[in-house]
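Report on the structure given below.
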Amino acid sequence: MPLTLYGDPISGNCLKVRWVAERLGLAYDWIDVNVVKGEAKAAALLSLNPAGQVPIVVLEDGRALAQSNAIMLHLAEGSDLIAQDAYQRARMYEWMFWEQYTHEPAIAVRRFHKHYLGKSEDEIDPALMVKGRAALARMELGLAGETPWLAGDALSLADVALVAYTRVAHEGGFDLADYPAVEAWVRRVEAALRIA
Ligand SMILES: N[C@@H](CCC(=O)N[C@@H](CS)C(=O)NCC(=O)O)C(=O)O
1 MPLTLYGDPI SGNCLKVRWV AERLGLAYDW IDVNVVKGEA KAAALLSLNP AGQVPIVVLE
61 DGRALAQSNA IMLHLAEGSD LIAQDAYQRA RMYEWMFWEQ YTHEPAIAVR RFHKHYLGKS
121 EDEIDPALMV KGRAALARME LGLAGETPWL AGDALSLADV ALVAYTRVAH EGGFDLADYP
181 AVEAWVRRVE AALRIA
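Oh and the sequence shown: position 37 is 37 in the working numbering, straight run, nothing missing.
Quick look at the structure:
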């Protein structure tokens, strides 16, 4: 039985898992789950992830796993998307934890409210723009150094995790032209993942 990925193609959290499977040449079945229609809360999916969210992967042996970054780490175990060096690996985790706690809750949430729920600027919490811009500025700083990637000298899961919502930040009202190093990095990661 191949891997089964449950996800919504509008979700960066779901797409990042799919991109890793593609990059590693893993065979998988993709099952569309429409989060706007509440399908992630269907009983069959709640039995796989009681949190009622996608992405979810069901592994070849039938075991399920949720949380995009946990899934990516599991699929990419032993691959060149995870540095061998312990410090470089920890820098990758640093970006991945930050992505979930700081970047995604501002940029992905603002995008969802604006682009998918169609809310006007007045209806969206103004703090989301402030927090999202601060997150983009943090990335700009991180990408100002010698290496073209976020962690270490090669594409890693840190880049995959963060490109997912950064590349569609304009749909949330953010202007990447204000962050030239981030904009160039987005193009670089898209080319590496062949998702441009
Ligand atoms: N931290 C989780 C977030 C997952 C998440 O927020 N999933 C959203 C789609 S991006 C979802 O399933 N929402 C449906 C719902 O809450 O009903 C991850 O990285 O996988």
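Glycine included, each C-beta is placed from N, C-alpha and C at the ideal position.
**Message:** Measuring CB atoms only, is the region 46 to 58 touching the region 10 to 24, in the sense that at least three cross pairs come out at less than 8 Å?
**Reply:** yes
**Prompt:** Which of helix, strand or coil does DSSP assign to W30?
**Reply:** In the sequence shown, the residue the question calls residue 30 occupies position 30. In this structure, W30 counts as strand in the three-state DSSP scheme.
**Request:** Answer with buried or exposed for G78, where buried requires no fewer than 16 other C-beta atoms within 10 angstroms of its C-beta.
**Result:** Counting from 1 along the sequence shown, the entry for residue 78 is found at position 78. Label assigned to G78: exposed.
**Item:** Cβ-Cβ separation, E99 to A161 (assumed contact under 8 Å), whole Å
**Value:** In the sequence shown, counting from the first residue as 1, residue 161 sits at position 161. In the sequence shown, counting from the first residue as 1, residue 99 sits at position 99. That pair is a contact at about 5 Å.
**Asked** Does DSSP classify G207 as helix, strand or coil?
**Response** What is shown of the chain runs 1 to 196, which leaves residue 207 out entirely.
**Request:** Please determine, among A27, L150, K16, L15, the residue with the shortest C-alpha to C-alpha distance to T4.
**Result:** Position 4 of the sequence shown, counted from the start, is the residue given in the question as residue 4. The option with the nearest alpha carbon to T4 is A27.
**Request:** Would you identify the three-state DSSP class for A76, choosing helix, strand or coil?
**Result:** On the sequence shown, position 76 is the one that residue 76 refers to. DSSP places A76 in coil when its eight states are reduced to three.
**Asked** Under the three-state reduction of DSSP, which class applies to V35: helix, strand or coil?
**Response** Here residue 35 is taken as the residue at index 35 of the sequence shown, counted from 1. Coil at V35, not helix or strand.
**Prompt:** In whole angstroms, what separates the C-alpha of I71 from that of G25?
**Reply:** In the sequence shown, residue 71 corresponds to position 71, counting from 1. In the sequence shown, residue 25 corresponds to position 25, counting from 1. Approximately 15 Å, taken between the alpha carbons.
**Request:** Could you check how far apart the C-beta atoms of I107 and Y165 are, in whole angstroms? I think they sit under 8 Å.
**Result:** Taking the sequence shown and counting its residues from 1, one reaches residue 107 at position 107. Taking the sequence shown and counting its residues from 1, one reaches residue 165 at position 165. With a Cβ gap of about 5 Å, I107 and Y165 count as contacting.
**Range of the contiguous beta strand (DSSP E) that encloses L65** = Within the sequence shown, the letter at position 65 stands for residue 65. Start and end: 64 to 66.
**Item:** Assumed close pair Q88, G38 - CB separation to whole angstroms, cut-off 8 Å
**Value:** Translated into the one-based positions of the sequence shown, residue 88 becomes position 88. Translated into the one-based positions of the sequence shown, residue 38 becomes position 38. Not a contact, Cβ separation roughly 40 Å.
**Prompt:** Relative to the alpha-carbon of W30, which residue among A51, L59, V36, L46 has its alpha-carbon at the smallest distance?
**Reply:** The residue given as residue 30 occupies position 30 in the sequence shown. Of the candidates A51, L59, V36, L46, the one whose C-alpha sits nearest the C-alpha of W30 is L59.
**Message:** Can you list, in chain order, the residues of its chain with a C-beta nearer than 8 Å to that of Y116? Leave out the 5 residues immediately preceding and following it.
**Reply:** Counted from its first residue, the sequence shown places residue 116 at position 116. Within the same chain, Y116 has close Cβ partners I10, V36.
**Stretch pair the region 181 to 195 + the region 113 to 130: three plus CB contacts closer than 8 Å** = no
**Item:** Three-state secondary structure assigned by DSSP to V130
**Value:** Position 130 of the sequence shown, counted from the start, is the residue given in the question as residue 130. Three-state result, V130: helix.
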